[in-house]
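Q:
Chains as they are written, first to last, in this note's numbering: chain E, 1 to 592; chain P, 1001 to 1592.
(1) Going by the CB atoms, is the gap between residue 1408 of chain P and residue 1515 of chain P shorter than 9 Å?
(2) Does residue 443 of chain E come within less than 9 Å of chain P when only Cβ atoms are used?
(3) Bridge partners for residue 395 of chain E per DSSP, in chain order?
(4) Where are the beta strand (DSSP E) runs, 3 residues long or more, that stay fully inside the segment 1028-1106 of chain P, in chain order?
(5) Since residue 579 of chain E is in the alpha helix (DSSP H), which residue starts that stretch and which ends it?
(6) Report the CB separation of residue 1304 of chain P from residue 1403 of chain P in whole angstroms; it is logged as a contact under 8 Å.
(7) What's the C-alpha gap between residue 427 of chain E and residue 555 of chain E?
(8) Using a Cβ-Cβ distance cut-off of 9 Å, determine whether residue 61 of chain E contacts chain P.
(9) If residue 405 of chain E sits next to residue 398 of chain E, beta carbons under 8 Å apart, how far is it from one beta carbon to the other, in whole angstroms?
(10) Is residue 1096 of chain P near the ligand SAM - that is, is its Cβ less than 8 Å away from at least one heavy atom of it?
(11) With DSSP as the reference, label residue 446 of chain E as helix, strand or coil.
(12) Roughly how many angstroms lie between the CA atoms of residue 1311 of chain P and residue 1354 of chain P, to the nearest whole one?
(13) Answer with buried or exposed for residue 454 of chain E, where buried requires no fewer than 16 other C-beta atoms within 10 angstroms of its C-beta.
(14) Would you verify that the beta carbon of residue 1488 of chain P is, or is not, closer than 9 Å to some beta carbon of chain E?
(15) Looking at chain P, is there any beta carbon in it that lies within less than 9 Å of the beta carbon of residue 546 of chain E?
(16) Count the other CB atoms within 10 Å of the CB of residue 581 of chain E; is the residue buried (16 or more) or exposed (fewer)?
(17) Determine the extent of the beta strand (DSSP E) in which residue 1184 of chain P is found, giving its start and end residues.
(18) Buried or exposed for residue 10 of chain E, going by 16 or more other Cβ atoms inside 10 Å?
(19) In three-state DSSP terms, what is residue 268 of chain E?
(20) Name, please, each residue of chain E whose Cβ falls closer than 8 Å to the Cβ of residue 1447 of chain P.
(21) Quick one: is residue 491 of chain E near chain P, going by C-beta distance under 9 Å?
(22) For residue 251 of chain E, count the other beta carbons within 10 Å of its own beta carbon; 16 or more makes it buried, fewer makes it exposed. Which is it?
(23) Mapping the DSSP letters down to three states, classify residue 159 of chain E as helix, strand or coil.
(24) Taking a cut of 8 Å between CB atoms, which residues from the segment 1512-1535 of chain P lie near chain E?
(25) Could you tell me whether any Cβ in chain E is nearer than 9 Å to the Cβ of residue 1462 of chain P?
(26) Terminal residues of the continuous beta strand (DSSP E) containing residue 513 of chain E?
(27) Short check: CB of residue 48 of chain E to CB of residue 145 of chain E, under 9 Å?
(28) Using only the alpha-carbon positions, how far apart do residue 1105 of chain P and residue 1262 of chain P sit?
(29) Starting from the beta carbon of residue 550 of chain E, find every residue of chain P whose beta carbon is closer than 7 Å, and list them in chain order.
(30) DSSP has residue 400 of chain E in a bridge; who is on the other side?
(31) For residue 1 of chain E, count the other beta carbons within 10 Å of its own beta carbon; 16 or more makes it buried, fewer makes it exposed. Which is it?
(32) Can you pull out the residues from the segment 426-442 of chain E whose beta carbon lies closer than 8 Å to at least one beta carbon of chain P?
(33) Starting from residue 282 of chain E, follow the beta strand (DSSP E) in both directions and report where the run begins and ends.
(34) Under 8 Å Cβ-Cβ, which residues of chain P neighbour residue 457 of chain E?
(35) How about residue 454 of chain E: is its C-beta nearer than 9 Å to some C-beta of chain P?
(36) Tell me whether residue 1589 of chain P is buried or exposed, calling it buried when 16 or more other Cβ atoms sit within 10 Å of its Cβ.
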């Protein structure tokens, strides 16, 4: 029998196994934001390649659940005669299943791809969830890319600021305090932080895919493909026990009898729970203590961030000076600079930095209406010209050996209309309101988010994304647990946390604006904190209605630009220096 | 045997019954904020009369748990040789029990006084919780006041805006939607709203203590002391079945077999759960739908609020004009006005209002350092003089036949020092920042709270209370579920909600400042809301550093004062009119 599509092949296999359907999430076993091609099962079955989604394949229907960001993309990428598109949040899949499927239907899922809290929610669907360890997709995906085997590098303690032994001792202490024997680690950045290593399994994501167990005496077992370990010195490898990644679940089961495991329900595959339970262990569901330890950066890490931002700032200035010079000339010559050309040029400037390693995420280089799509990435077929008539938005960053950067600037090279100036001014005012705030130590992100939105709210406008996210130290660009957004985030903000501040405004089909600095939380008055900018890049004021800025806004801008100018002047090219001086000129003088 | 104290008597009874201890909460069966003397069991046993607290009486120790507000008061009121004082939040009682008591200790509690969620938390203590229906306190409290029997009055539909039948139909629809048979109502304000009645069991709390059951067909059974019903017409009484209050639990048990009950775990006594479970019923734990229906005021209720605020505003102006005139004269004469004299005078002005019924809560009339205690109430022994050298804070309100008011003004009658002016200006700026906000419909209170705090945060200061609470319509002064505070409040704010905005600042031993308006949420731009002030009382600007106000601050103040002046001028006494004109003069002119 010949199958014409992966979907038909899968249905046939499900039928053989007497399964009524199967859940296929966009996920790997590590809940990675960016997945390796090897793990792109959802794309294989549906064609949809967004960063979040979940398919439910039934005998006679196939449903793809994606969030608001991906509705348009899903409709473009998916064969709509095969798939219905549903909204992941407005119509949660467990409720859809409860309302639309006869109870007791046998629905398969791969338990390494579904985390415990998701599983518990799916259990309320009334269906019979069947964990399949021999995922049928593995059988039908004949052209599947190989599993990644990126080399793992050591992260010197001179850069991480704390030895693996010290980190393990602190984790062991936390486990003892909680009365548990083992912590199972499945998040690659938590493992990378703990073991002072960095990986290369996924482009622009310097974390190794692996698993680990740490005992309450600090002993570590690391479950990782041996091929990845060639560049590690024996110091680390002698200090722990290594196993193949495949040995992780069996080992959990083997160790479990009579033991208590700390598992984080938000990110631990439910397969780990099953293994511990089958082995006779108990589970304590708690937030992984490593997540918070990692977010509280030490002074060496903070110094690394600051240093990498100086290098990155100089590369930005060289790029922006070049762009400001070239855009009008090339436009006049009828051969305008494009989004792709700009991002390539920007990369060459970053590559001139001594400590630059790779980009920290895919650059968003977006002109005019392309910038209205928050998650746009340029491609030859969408590659707009950068002109004096429209905003150009650039959101990019670098992994440096000692730190990670992430910044956005929206640029004006000509005379924009009143509406665009009003929107840009509102975004800037929101940015300034939040970044200049003093707040009680321990304040939570959702308490501060609205400061960045208020000037837009005054116009009856808003933006549909968070205001800021944590940034890993030479780790993931979106690091948990801190976040400033409308959604409640229970984690207290303390000195040493590193986040972004990035309000924006997007008018579909017209323009997009975002201004983003990376900041560290620093102590100020007793019991209070402030944000200190790590990002050192001039903020374009040419599209601002200066009459709408407050004295406090202007004081912040002038102080910031003075710091940018004084820090970067000696480091930028001589071509760029005059542009830097002009771009950082005090506003107070201009407005007076 | 003679007992020297209630505590000894209680211990003896507990011993007889083989109980190791007993929990005594400051609570009645309705989770009332203000309890009748009949329900003051905690005060009887401990001497502590604050509005929140919980005692644990053991054979050899007695512990009183109170929150931060009441630490000082508890130490003053309680015999410290008998009771240890603990912190209700820093050291939750279930954790104290878990850590300090051998597991399996038999700890008694009265199940009408403990709500389900509290019970579930106490269950994690490791103790054996023993529900006692014949509370030993009832035996030893020989001088116990009588249970309240306040008359219940009808609330005309011309004032409530919706008939009982219509409200019951809406509740029935909600119950049907949730697939439940019954809703058990134990909150007095929810019952008062549903049945369009008001009560008089507790001073300044116009709600009748009673219970009710509503079925998913809209039929109501009301469990209420018959003595309270004399003033009700037969229309209401014929439309429902009445029982004595004592019949509530037996009836729940009797009806339960095969039925589903909706109970709100936050406020339903666990005794109701026991009754339903014993009767063979099932429970759906959900927020009581009446709580939200009641918070979304209809247009008649809103019109009533507005009208009552006009009356209340005129009474305030008459009072403030009198106070402003008298304070310096009486101070100069060596016979200054006191806090108690001021609040008595204020009451006489309110009593002149046509629709005034009673005070909506105990007035806070506090001069100088007395105002630094948020919950201060004047008494002869603390009764400070009101002078030109210190702030005077007045937080008061009225129950009118058509609405409820709650406002605070802090007043300056002389020349205050720079620190007091700075603090007052910061509180005012926080107040203005929040009250002038436009925000997306459905925004939650915790997202907005920080706007009221920011000017204080800039000085490294803060206040330790919420920023705003819901206000009932001729019901409770603190109405659930809406609240603006640091604590997460999940309820979306929508047009028709009525709240307060009341930032403050308190420096112990020195001064206290609070500025409070009651507001309604109104629709503005598409998808957005604003606050519209219900309160119409001039805000004292004599202690403000005007140079610190923004243009937006001044525009709001001038608009507000114009509205106050134009609305109240015709209504205030001729003595007060010149003061009103001066107190509402535009700032713009003064600053220019």
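All residues carry an ideal CB built from backbone N, CA and C; glycine is no exception.
Just so it is clear, the structure is predicted and the values come from calculations on it, not from any experiment.
A: Concretely, from the data shown:
(1) Taking the second chain and counting its residues from 1, one reaches residue 1515 of chain P at position 515. Taking the second chain and counting its residues from 1, one reaches residue 1408 of chain P at position 408. A Cβ-Cβ contact shorter than 9 Å links residue 1515 of chain P with residue 1408 of chain P.
(2) Here the question's residue 443 of chain E lines up with position 443 in the first chain. Chain P contact via Cβ: present.
(3) The residue given as residue 395 of chain E occupies position 395 in the first chain. Residue pairing by DSSP places residue 395 of chain E opposite E:364, E:408 in a beta bridge.
(4) Entirely contained in the segment 1028-1106 of chain P, the beta strand (DSSP E) runs reaching 3 residues are, in chain order, 1054-1058, 1062-1066, 1084-1087.
(5) Taking the first residue of the first chain as 1, we reach residue 579 of chain E at position 579. Per DSSP, residue 579 of chain E belongs to the alpha helix (DSSP H) from 577-583.
(6) Counting from one through the second chain, the residue named residue 1304 of chain P turns up at place 304. Counting from one through the second chain, the residue named residue 1403 of chain P turns up at place 403. The pair is a contact, with the Cβ atoms about 4 Å apart (cut-off 8 Å).
(7) Mapped onto the first chain, residue 427 of chain E falls at position 427. Mapped onto the first chain, residue 555 of chain E falls at position 555. In a straight line, the C-alpha of residue 427 of chain E is about 17 Å away from that of residue 555 of chain E.
(8) What you label residue 61 of chain E is simply residue 61 of the first chain in a count that begins at 1. Answer no: the Cβ-Cβ gap between residue 61 of chain E and chain P never drops below 9 Å.
(9) Counted from its first residue, the first chain places residue 405 of chain E at position 405. Counted from its first residue, the first chain places residue 398 of chain E at position 398. The distance from the Cβ of residue 405 of chain E to that of residue 398 of chain E is about 5 Å, consistent with a contact at the 8 Å cut-off.
(10) Looking for the ligand SAM in the displayed structure turns up nothing, as the structure carries no ligands at all.
(11) In the first chain, residue 446 of chain E corresponds to position 446, counting from 1. In the structure shown, residue 446 of chain E sits in a helix (DSSP, three-state: H, G or I).
(12) Position 311 of the second chain, counted from the start, is the residue given in the question as residue 1311 of chain P. Position 354 of the second chain, counted from the start, is the residue given in the question as residue 1354 of chain P. So the two alpha carbons sit approximately 8 Å from each other.
(13) Looking up residue 454 of chain E in the first chain gives position 454. The residue is buried, with at least 16 neighbouring Cβ atoms inside 10 Å.
(14) Taking the first residue of the second chain as position 1, residue 1488 of chain P is located at position 488. Residue 1488 of chain P counts as touching chain E.
(15) Taking the first chain and counting its residues from 1, the one referred to as residue 546 of chain E is at position 546. Output row for residue 546 of chain E: interface = no.
(16) If you number the first chain from 1, residue 581 of chain E lands on position 581. Exposed.
(17) In the second chain, counting from the first residue as 1, residue 1184 of chain P sits at position 184. 1182-1185 is the extent of the beta strand (DSSP E) around residue 1184 of chain P.
(18) Locating residue 10 of chain E in the first chain gives position 10, counting from the first residue. Buried, by the Cβ-count rule.
(19) Start at 1 with the first residue of the first chain, and residue 268 of chain E comes out as number 268. Note: residue 268 of chain E maps to coil in three-state DSSP.
(20) Start at 1 with the first residue of the second chain, and residue 1447 of chain P comes out as number 447. Residues of chain E whose Cβ lies closer than 8 Å to the Cβ of residue 1447 of chain P are, in chain order, 446, 447, 449, 450, 486.
(21) If you number the first chain from 1, residue 491 of chain E lands on position 491. Cβ-Cβ to chain P under 9 Å: no for residue 491 of chain E.
(22) Residue numbering aside, residue 251 of chain E sits at position 251 when the first chain is read from its first letter. Residue 251 of chain E should be labelled buried.
(23) Here the question's residue 159 of chain E lines up with position 159 in the first chain. In the three-state reduction of the DSSP assignment, residue 159 of chain E falls in the helix class, which pools H, G and I.
(24) The segment 1512-1535 of chain P vs chain E, Cβ under 8 Å: 1524, 1525, 1526, 1527, 1528.
(25) Residue 1462 of chain P sits at position 462 when you count from the first residue of the second chain. Closer than 9 Å: yes.
(26) To locate residue 513 of chain E, count along the first chain from 1; it is residue 513. Membership of residue 513 of chain E in the beta strand (DSSP E) is indicated by the continuous run 511-514.
(27) As a first step, residue 48 of chain E is located in the first chain; it is residue number 48 there, counting from the start. As a first step, residue 145 of chain E is located in the first chain; it is residue number 145 there, counting from the start. The answer is no: Cβ separation not under 9 Å.
(28) The residue you call residue 1105 of chain P lines up with position 105 of the second chain. The residue you call residue 1262 of chain P lines up with position 262 of the second chain. Taking C-alpha positions only, residue 1105 of chain P is separated from residue 1262 of chain P by approximately 32 Å.
(29) Taking the first chain and counting its residues from 1, one reaches residue 550 of chain E at position 550. Chain P residues near residue 550 of chain E: 1550.
(30) Looking up residue 400 of chain E in the first chain gives position 400. Answer by DSSP bridge pairing, in chain order: E:356, E:403.
(31) Locating residue 1 of chain E in the first chain gives position 1, counting from the first residue. Unreliable placement is indicated for residue 1 of chain E, whose pLDDT of 44 sits below 50; no coordinate value is reported for it.
(32) Cβ contacts with chain P: 437, 438, 439, 440.
(33) Residue mapping note: residue 282 of chain E aligns to position 282 of the first chain, counting from 1. Annotation: the continuous beta strand (DSSP E) that includes residue 282 of chain E extends over 282-285.
(34) Residue numbering aside, residue 457 of chain E sits at position 457 when the first chain is read from its first letter. For residue 457 of chain E, the chain P residues whose C-beta falls within less than 8 Å of its own C-beta are 1437, 1438, 1439, 1440, 1528, listed in chain order.
(35) Within the first chain, residue 454 of chain E is the residue found at index 454, counting from 1. When Cβ-Cβ separations below 9 Å define contact, residue 454 of chain E makes contact with chain P.
(36) Here residue 1589 of chain P refers to the residue found at position 589 when the second chain is read from its first residue. Exposed is the call here.
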